[in-house]
Structure formats: C-alpha cells, structure tokens
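Okay, so here's the structure we're looking at.
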Amino acid sequence: MSAKVNLLDCSREPSDEQLETLMQSVAAEARAKAAVANTALMHTLHEQAAEVRSRYHLSAQRTVATAA
Numbered sequence: 014m015s016a017k018v019n020l021l022d023c024s025r026e027p028s029d030e031q032l033e034t035l036m037q038s039v040a041a042e043a044r045a046k047a048a049v050a051n052t053a054l055m056h057t058l059h060e061q062a063a064e065v066r067s068r069y070h071l072s073a074q075r076t077v078a079t080a081a
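When you line the sequence shown up against the working numbering, it's residues 14 to 81, in that order.
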C-alpha cells in the first residue's frame with residue numbers, strides 16, 4: 014500500500030492494512046539496525062579481547078573450566 018499514513022491526524026484512523034504495512038516497515042528497520050549494532054558490538058568485543066590477550070600474553074585458544 015503506497016498511501017502515506019498520518020498518525021497525527023486524529024480525524025482519520027488508518028486502516029488495518031495501513032497499520033500492518035507500517036508495523037512491518039518498522040520491524041524491518043528495527044531488525045536492520047539491530048544487526049548493525051550487533052556487528053559493531055562483536056567487532057568491539059573482539060578488539061578488546063585481542064588487546065587483553067596481547068597485554069597479558071595469552072593465547073587465542075579457549076580453555077574450558079571443568080567443575081570438580
């Protein structure tokens with residue numbers, strides 16, 4: 014549906030189809046922004062982990078602690 018929805022116009026309520034289209038658009042935009050934010054977070058975490066490994070001369074291998 015290509016009709017624009019003016020949510021500030023209280024004299025006309027948007028149709029169910031317009032609301033559904035709007036919600037789908039908002040959801041898609043939120044998913045895209047979340048993916049970008051997640052990628053940036055992972056990049057930052059990997060950089061910080063590399064810095065800590067370098068500072069304390071640790072290897073990149075993961076060790077798993079086992080409960081005795």
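Cβ coordinates follow ideal geometry from the N, Cα and C atoms, glycine included.
query: Confirm, please, whether the CB-CB distance from Val49 to Leu35 is below 8 Å.; result: no
query: In terms of residues, what are the limits of the alpha helix (DSSP H) holding Thr57?; result: Asp29 to Arg68
query: State the Cα-Cα distance for the pair Leu58 and Ser38, rounded to the nearest angstrom.; result: 30 Å
query: Nearest-angstrom Cα distance between Asn51 and Gln61?; result: 15 Å
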